[in-house]
Structure formats: C-alpha cells, structure tokens
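Read in the working numbering, the sequence shown has 240 at position 78, and its numbers run on one by one without any break.
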Amino acid sequence: MGFETLMGDEAIALGAVHAGLGGAFAYPGTPSTEIMESLQDLAARQKAGTLEGVSLPFVAQWCANEKTAYESALGSCFAGKRSMVSMKHVGLNVAADPFINSALVKVNGGLVVVVADDPGMHSSQDEQDSRWLADFARVPCLEPADQQEAYDMTIEAFELSEKYELPVMLRITTRLAHSRSVVATRPPLAQGPIHKPAPGMDWILMPAVARRRWHELLGKQLELKRLSEGSARNTLKAGDKKLGIISSGLARQYYLENLDDLIAARGGAPMHLHLGFYPLPESLIRELYEACDELLIIEEGYPLVERLLRGIVAPGKKIMGKETGDIPYEG
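This is the structure in structure tokens:
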C-alpha cells in the first residue's frame, strides 16, 4: 500500500491497472482524455519494468470513435479479460447502441464504462447527465465524490461487473477529473487468464436469446436495489431534522465546503444522505424524507435524484433542488 497525489482521471487509470486490467480503449474528449493518457504512461512503465507489482502487459489503445472503443472493450471482456472503456458524456451517444445491448449479453471478464460528464460545458456542446443512460440501460452506476473513491470504485466496479455479469458505469464530472488529492493505493491484482465459460449464444442477441436475457436482466434489478440499500457508498448520517440533505457524487464536497456556514445559520448540521451507488436506495430515501421537515437535493448535472425521488415518497413535504429553483439548474 502506498500514497500518490493523483487527478481523478489518473486515479481511475491506476485503479483499473491495480484491478488486473487486461485492456482499455477510449476516444479522446475532455474531461476523460487523461484517463487513457495516464494508462498509456502506466503501460510504458510496465513494459520498462518500473511499474511495481504489474507483471503482465495490458492494452491501452485509442480508437476511431466511442462506438468502436466500446466494442473493442466488449470483445476483450468476452475473452475473459477485465476491460475498460472511457469517453466523455456526449461520446456515450455515439456508443449508445453497443452500450444498451451490452446489458443483455453476458459480461465475462468484467466491463467498466467510465463516462466523464461536463456540467457547465467547460469543453462540450451540452451538459447531458449520463446517469440517465445507466438507468435506461438498467445497469449499476457508481459516482465517486473524490479521487480516493475514484480509485476504489474503479476496482469495485470490476467486481460488480463480474458478479452480476453486467457492464458497470463509473460516472465522474469535470471538477473531479481534473483536480488532485492524495490517494491510498492497494497492491495490484494479477490479470485473469483468457477464458470462455459462457455459452456462445449468450453473446448473440437474436430475439429468442434477447427475450431470455431481458427477463434475466429484469430479475437482477431487485437484487441491485437491495445491494444499493446496504452499500457503504450510500450513507445516512443523523442530524437536525428540520432540514434533510441529499447529495450525490462530487456534490458532497460542495455541501461539506459550506457546512460550517449552514451550521452557523441553522444551529446544527442537517441529517444527510449521500449517494454514490445507483439504483437509488429507496428505503434510505424514505427514512430521510419521513424524518425531516423538508429536503434539499444537491447534485451535478440533471436533477435525476430530485425527479426519481418524487416517485418514491408521498407528496406533502417541501422538496428543494434544481427544478424548484433553489439550486442553480446549470452546472
């Protein structure tokens, strides 16, 4: 175990290598570009024998576009290798066809889909929120709040992917991708061997197979919700019940940055639910809602939590967020 000062993008790259990465594929686009740049630096160090604990080489390859990058990672994971694809948020539009369909094929070696959203459009044509696409595809989504979680969640995402035989999205945003902090690292895991345990038909989405796989995917949703309820990434902290706070991902840092002022103004720290794993933990949300007089939701990107929450709890209490104008809608 060691310590390194890393950008969020660099932490993800190192986390993937330490998880036993076999192949990584990407198309450049800020704020995701540095993930592949860092992976290629790490691959060069491995080749030179200076990357401690990583004995086997791994692929780190730019591709012609996000769709071909996704398909390359999918093929690599079919062969039993832990594989990762990275892109910016609008790149997932290009890769939407293989992304959606990959939830219906049987992931073999672990497949992590890193999507870097750009709230505020620092270098993008829109600020769409990739969490909606994870929800649409019915795949798990992890959302780190800092560089340490970016590193740790990358490793966790591979484990989740292999356990549930699904792609797992890791959603980050610009400020996390390009800021630095100290990260505690773990000893690297060895790469898994090439293997093919799954029947070949599990990778062919003809209607007869697709109907069966869709049924199986739907059957996993309840288990994923139970996992979310008990996940250490979704935490509920006691506090003043006049106001309940829900934060997600990097928004936790914005909340903590202003917490002292909030305590001074209100006389105590609010009850706080932080979300880092989706699907949403409905029982934790209901517990917070029932305990508090009103809620404030802080999230980067679209008001996904705010919208989905209104379908989880009964109406009656004040819910504040982007859609009510209490939080700026942009960014």
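Glycine included, C-beta positions come from ideal geometry on N, C-alpha and C.
Element boundaries [beta strand (DSSP E), containing residue i]
i	result
W376	Careful: W376 lies outside any beta strand (DSSP E), inside the alpha helix (DSSP H) at 369–392.
R448	Unbroken run through R448 is the alpha helix (DSSP H), 444–453; no beta strand (DSSP E).
T167	164–169
R244	244–250
L435	432–437
A426	Here A426 belongs to no beta strand (DSSP E); instead the alpha helix (DSSP H) covers 421–428.
A222	221–224
Residue of the options minimising C-alpha distance to residue i
i	options	result
G463	S445, L442, P490	P490
K404	R300, G493, K479	K479
A181	A339, G271, G406	G271
G237	F187, G473, A476, L338	F187
R388	I408, S445, G242	S445
E289	D279, D297, P441, L295	D279
M494	P355, R375, Q353	No information on residue 494 is available, as it lies outside the stretch 163 to 493 that the chain covers here.
S393	L304, P349, P477	L304
T486	I460, V475, G473, A476	I460
M163	L176, L458, I356, L435	L176
Per-residue DSSP class, three states only, for residue i
i	result
L295	helix
Y331	Inspection of the sequence shows that residue 331 is occupied by Met rather than by Tyr. Strand.
D402	strand
G271	coil
S409	strand
Q290	coil
I174	helix
T192	coil
G354	coil
V277	strand
L183	strand
Y417	helix
L254	helix
Run of the alpha helix (DSSP H) containing residue i, from where it starts to where it stops
i	result
P260	258–264
G237	228–240
V467	466–471
E321	309–326
S200	195–210
T347	Looking at the DSSP string, T347 is not in any alpha helix (DSSP H); the run it does join, the beta strand (DSSP E), is 342–347.
L457	Premise fails: L457 lies in the beta strand (DSSP E), 456–460, not in any alpha helix (DSSP H).
I481	Taken as a continuous stretch (DSSP letters only), I481 belongs to no alpha helix (DSSP H), being part of the beta strand (DSSP E) at 480–482.
R337	336–339
Burial state of residue i, where buried means 16 or more other Cβ atoms lie within 10 Å
i	result
G381	exposed
P281	buried
D264	Note that residue 264 is Ser in the sequence shown here, rather than Asp. Classification for S264: buried.
K325	exposed
E311	buried
P349	exposed
T316	buried
E492	exposed
E214	exposed
Any chain D beta carbon closer than 9 Å to residue i
i	result
N270	Included in the structure is just one protein chain, with no chain D present.
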